[in-house]
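The sequence shown lines up with residues 114 to 491 when you count with the numbering used here. C-beta: ideal position from N, C-alpha, C; glycine also. Here's the structure we're looking at; comments come further down.
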Amino acid sequence: MSKIEPFAENIFVTRPVFPKIEEVTEKLRDIWTAKWLTNNGPQHYMLERDLEQYLKVPCLSLFNNGTIALMVAVQSLRLQGEVITTPFTFAATPHVLSWNNIKPIFCDVDEETMNIDADKIESMITPKTTAILAVHVFGTPCNVEKIQQVADAYGLKVIYDAAHAFGVEIDGKGIGNFGDISMFSFHATKIYHTVEGGALVHGDKNLKHRIDLLKNFGIKNEDEVVMTGINGKLDEVRAAIGRIMLNYVDGERAKRRALHQIYDEELGDVDGIKLMPKCAENVNLNYQYYVIRIDENIFGKSRDEVYTELKKFNVYARKYFHPLCSEFTCYRQLNSSHVENLPVANVIGKQVLSLPMYGDLTAEDVRKICTIIKEFKN
Ligand code: T4K
């Protein structure tokens, strides 16, 4: 029997960053004074400009969540037919394609980064392909150069689902500058959040005009509705919270970076555990998630057994992203979903485990989680 005591309180995979309540009430007062709650108010306008600066991108449109933002990205580029994407992602990624009557084509992932394998994309292109929808999974950048090369060679659009990549930079350049459009999620569980929310970023002012129409029912003015839009608007309360949260993100990032280091130190030498992918020096990560892979043959216990063991100590890790999207009932009949077409993703899906990662965790908490895992191995 283990001598380790369970945690007194549940430790979840993450915990939202909460701003000081006084800061929120102060901003609420501004909103009450302005008597403007939603539909492009001053908080919304200021947050768009603040985020353009923080993310180092030329054009940003706020949304009420990342999924609606991605739906609008697909609409704004007038995509149809087939779009090549990854099966190793959250359900939202392929679902936005299906909701736009587009067939997702799943491409296998890279063993190291767990992102779409850029070298395999070309072989999946057909006359119906209109775009590549790649995900910077867990904030690790995709092979953006190779993806752009393939897209340029075949006249395809590129959308990045950057839901996990807030503030990530390559050579000091914001990650949102790659491809035609990138989507960020500002969900409560993200390192930067607006409770619920999201954004599209891109480099084209005309595209912003179209995106902003699409997120507001296609309403141009009181007399004209010029396209079939949707309601994707972020309200003033959440925009105001987003402005406050910008003051917290760097501190949270530094805390998570330190916790990453402890996980690396504690688990680095454990046979059968693969750590988060290491990025090149020119990449500035956000340390949002901490994900390991457990090779049952070497570790001696499966990912699922480790997941269950941790629960006994009140540690609620998550199997992001299992099941693969290609295993969902709505996608598994697709040719591209067959296991033999996705050998790497199918192995990774059985091995990944997202361990608790948030700034309020202490170094001792992380060491204890690692001890539970290491004791379980023996
Ligand atoms: N693309 C990608 C690659 C994504 O990962 C996501 C979202 C999207 C697109 C879509 O973006 P959004 O439309 O969501 O903006 C969570 C998030 O809800 C989701 O935003 C995120 N990805 C996904 C990876 O994780 P769940 O279903 O796992 O969340 P849930 O409710 O189980 O929360 C996880 C843990 O966080 C809980 O065990 C406890 C803790 N928690 C959660 C909430 C909401 C709290 O302590 N307090 C809270 O308020 O999806």
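Using only the alpha-carbon positions, how far apart do residue i and residue j sit?
i, j, result
"residue 426", "residue 484", "11 Å"
"residue 232", "residue 217", "18 Å"
"residue 408", "residue 387", "8 Å"
"residue 423", "residue 124", "10 Å"
"residue 328", "residue 166", "22 Å"
"residue 202", "residue 352", "27 Å"
"residue 356", "residue 345", "19 Å"
"residue 159", "residue 419", "45 Å"
"residue 340", "residue 190", "13 Å"
"residue 208", "residue 296", "15 Å"
"residue 467", "residue 126", "7 Å"
"residue 143", "residue 403", "38 Å"
"residue 343", "residue 284", "36 Å"
"residue 286", "residue 259", "17 Å"
Compute the minimum distance between the beta carbon of residue i and the heavy atoms of the ligand T4K, and state whether it is under 7 Å.
i, result
"residue 500", "Nothing about residue 500 can be reported from this structure: the residues present for the chain run from 114 to 491 only."
"residue 128", "yes"
"residue 174", "no"
"residue 274", "yes"
"residue 301", "yes"
"residue 352", "no"
"residue 95", "Since the first residue shown for the chain is 114 and the last is 491, residue 95 is missing from the structure and cannot be characterised."
"residue 198", "no"
"residue 125", "yes"
"residue 369", "no"
"residue 307", "no"
"residue 185", "no"
"residue 228", "no"
"residue 311", "yes"
"residue 429", "yes"
"residue 180", "yes"
"residue 248", "yes"
"residue 298", "yes"
"residue 433", "yes"
"residue 458", "no"
"residue 206", "yes"
Buried or exposed: which applies to residue i, given that a residue is buried once 16 or more other Cβ atoms fall within 10 Å of its Cβ?
i, result
"residue 148", "exposed"
"residue 444", "buried"
"residue 378", "exposed"
"residue 146", "exposed"
"residue 367", "exposed"
"residue 358", "buried"
"residue 273", "buried"
"residue 117", "exposed"
"residue 421", "exposed"
"residue 491", "exposed"
"residue 266", "exposed"
"residue 323", "buried"
"residue 360", "exposed"
"residue 313", "buried"
"residue 131", "exposed"
"residue 452", "exposed"
"residue 310", "buried"
Any beta-carbon of chain B closer than 8 Å to the one on residue i?
i, result
"residue 431", "Included in the structure is just one protein chain, with no chain B present."
Subject >> Any alpha helix (DSSP H) of 4 or more consecutive residues that is wholly inside the segment 383-437 >> reply: 409-412, 416-425
**OP:** Please specify which runs of the alpha helix (DSSP H), each continuous and at least 4 residues long, are wholly inside the segment 271-336, giving them in chain order.
**Re:** 318-327
**OP:** May I have a chain-ordered list of the alpha helix (DSSP H) segments no shorter than 4 residues that lie completely inside the segment 116-182?
**Re:** 134-147, 155-168
Subject >> 4-residue-minimum alpha helix (DSSP H) runs that sit fully inside the segment 348-373, ordered along the chain >> reply: 349-358
Subject >> Within the segment 177-229, ranges of the beta strand (DSSP E) (whole runs, at least 3 residues) >> reply: 195-198, 216-219
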